[in-house]
Amino acid sequence: MDSRRPPEYAIDLTADRSHVRDIVKGLLHTIFFHRYFTPIYPSTHELLDLTLPFVSQPDIEALIETRTTTLLRHLDTSSSSSSSRNQHTFLTLTLQFLERKRRRTWFLQKPDEETPWETWNLNITVLPNNSRSSGLSNTPSNDYSYNQTRQIMSHELEKATWQVLEIANQQRNHIPPITTNESNPFPYDLKIKVAGSGGKGMILLAGGGGSGGGGVGGGGLGERGGQEGWGGKMGIF
Numbered sequence: 190m191d192s193r194r195p196p197e198y199a200i201d202l203t204a205d206r207s208h209v210r211d212i213v214k215g216l217l218h219t220i221f222f223h224r225y226f227t228p229i230y231p232s233t234h235e236l237l238d239l240t241l242p243f244v245s246q247p248d249i250e251a252l253i254e255t256r257t258t259t260l261l262r263h264l265d266t267s268s269s270s271s272s273s274r275n276q277h278t279f280l281t282l283t284l285q286f287l288e289r290k291r292r293r294t295w296f297l298q299k300p301d302e303e304t305p306w307e308t309w310n311l312n313i314t315v316l317p318n319n320s321r322s323s324g325l326s327n328t329p330s331n332d333y334s335y336n337q338t339r340q341i342m343s344h345e346l347e348k349a350t351w352q353v354l355e356i357a358n359q360q361r362n363h364i365p366p367i368t369t370n371e372s373n374p375f376p377y378d379l380k381i382k383v384a385g386s387g388g389k390g391m392i393l394l395a396g397g398g399g400s401g402g403g404g405v406g407g408g409g410l411g412e413r414g415g416q417e418g419w420g421g422k423m424g425i426f
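Residue numbers for the sequence shown follow the numbering used here, beginning at 190 and rising by one.
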């Protein structure tokens, strides 16, 4: 029995309130693009002057949309009080890819057991909106602050994207063999945790995931149609 602990990868990002949804969605889609072993039609979207991959699968899109909506609702609720309006918010999104194992006894079959084979922790510092992004009057100071924050977000997102690409291309030995004909052989789970009052502890906002969907079949890394060759087409990919 292999008792090796499945790998965990940590990615640190900064986002202001007006960009946090897009940054979270962009990075999650980037990870799914490299870990979703189902034929897909490749597409892209633009974010902070970067071109990122987009997984056009209803189950994945719905999961990411639901989680980001929950996240934004929490941020809006937290920022409604004057004491926390100008404070940073710390949150972690944990995306796990799972292996489904069948459990049998001598006389019956037990429910399948799902164990993680890879975990991604996206640690995000959410900055309060400055005056410009909040729609208030523009001043040179506000413009400078906005542009500086945008540069930081763009730099960190680009760095995180390259990190995902490097991990996906170089670390493959831990990926379980595909032993099923299901459309997506590996279920996934996405949790959101936010720091408690005063930054103490983490509170679970949402959890759960899905089994994926899409066309029949699948392939390993680099075997899916359209995935090879991204480096020459997308700048980052």
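For every residue, glycine included, the Cβ atom is placed at its ideal position computed from N, Cα and C.
Being a predicted model, the structure only gives us computed values, none of them experimental.
Option nearest Pro374 by Cα separation, candidates Gln360, Asp211, Pro196, Phe226: For the purposes of this step, residue 374 is identified with residue 185 of the sequence shown, where counting begins at 1. Closest option to Pro374, Cα to Cα, is Phe226.
Three-state secondary structure (DSSP) of Tyr225: The residue you call residue 225 lines up with position 36 of the sequence shown. DSSP places Tyr225 in coil when its eight states are reduced to three.
Rounded C-alpha distance that separates His223 from His208: Within the sequence shown, residue 223 is the residue found at index 34, counting from 1. Within the sequence shown, residue 208 is the residue found at index 19, counting from 1. Answer to the nearest angstrom: the Cα atoms are 23 angstroms apart.
Touching by the beta-carbon criterion (3+ pairs, under 8 angstroms), the segment 344 to 355 and the segment 196 to 212: The segment 344 to 355 makes contact with the segment 196 to 212, as at least three CB pairs between them are under 8 angstroms.
Which listed residue (Gly215, Leu316, Arg194) has its alpha carbon closest to that of Lys348: Your numbering for residue 348 matches position 159 in the sequence shown. Considering only alpha carbons, the answer is Gly215.
Identity of the residues DSSP links to Leu488 by a beta bridge: Here the chain has residues from 190 to 426 only, and residue 488 is not among them.
Separation of His363 from Thr219, as counted between CA atoms: Taking the first residue of the sequence shown as position 1, residue 219 is located at position 30. Taking the first residue of the sequence shown as position 1, residue 363 is located at position 174. Those two C-alpha atoms are separated by around 19 angstroms.
Classification of Arg235 by the beta-carbon crowding that lies within 10 angstroms, buried from 16 upward: Along the sequence shown, read from residue 1 onward, the residue named residue 235 stands at position 46. A quick correction: the sequence has Glu, not Arg, at residue 235. When all chains shown are included, Glu235 counts as exposed.
Segment limits, beta strand (DSSP E) that includes Ile200: Against the sequence shown, residue 200 aligns to sequence position 11. Run containing Ile200: 197 to 205, per the beta strand (DSSP E) assignment.
Where Pro366 sits in the DSSP three-state scheme: As a first step, residue 366 is located in the sequence shown; it is residue number 177 there, counting from the start. It is coil, neither helix nor strand.
Cα-Cα separation between Leu316 and Val213, rounded to whole angstroms: As a first step, residue 316 is located in the sequence shown; it is residue number 127 there, counting from the start. As a first step, residue 213 is located in the sequence shown; it is residue number 24 there, counting from the start. Distance between the alpha carbons of Leu316 and Val213 is about 14 angstroms.
Close-in-space but distant-in-sequence residues of the same chain around His304 (CB under 6 angstroms, 5 per side omitted): In the sequence shown, the residue the question calls residue 304 occupies position 115. For the record, residue 304 in the displayed sequence is Thr; it is not His. Close CB contacts of Thr304 within its chain, under the 6 angstroms cut and outside five residues either way in sequence, are with Glu288 (chain order).
Straight-line Cα distance separating Glu250 from Tyr230: Along the sequence shown, one-based indexing puts residue 230 at 41. Along the sequence shown, one-based indexing puts residue 250 at 61. One Cα belongs to Tyr230, the other to Glu250, and the distance between them is close to 14 angstroms.
Beta bridge counterpart(s) of Gln285 as assigned by DSSP: For the purposes of this step, residue 285 is taken as the residue at position 96 of the sequence shown. Gln285 pairs with Thr308, Asp378.
Contacts around Met391, its chain only, beta-carbon distance under 8 angstroms, and the 5 residues preceding and following it disregarded: In the sequence shown, the residue the question calls residue 391 occupies position 202. Around Met391: Thr281, Lys382, Val383, Ala384, Gly385.
Cβ distance (whole Å) where Asn514 is taken to contact Asp205 below 8 angstroms: A query on residue 514 cannot be resolved here, the shown segment of the chain reaching from 190 to 426 and no further.
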